[in-house]
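Scroll down for the structure; my scribbles are underneath it.
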């Protein structure tokens, strides 16, 4: 069976800024079928020691695309 996966039409695009979680923002660097990978090091209060790794995986239903 040849099943073709299509991207979610409601997803962000690479380069979009998204808002998710509790006051987190990130730059979308990769769009996957059910999630996006966002770089959160763009946040002004980002600190690796308190925030954790700079890349976050976020499900399409858990973020909002911010206006440019």
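In this note's numbering, the protein residues as written are 31 to 98. A virtual CB, placed ideally from N, CA and C, is assigned to each residue, including glycine.
Check                                                                 : Outcome
Helix, strand or coil at residue 92 [DSSP, three-state]               : helix
Beta-carbon proximity of residue 54 to residue 72, cut-off 8 Å        : no
C-beta atoms of residue 48 and residue 93 nearer than 8 Å             : yes
CA-to-CA distance, residue 86 to residue 51, given in whole angstroms : 11 Å
Extent of the continuous beta strand (DSSP E) run through residue 46  : Here residue 46 belongs to no beta strand (DSSP E), and DSSP marks it neither H nor E.
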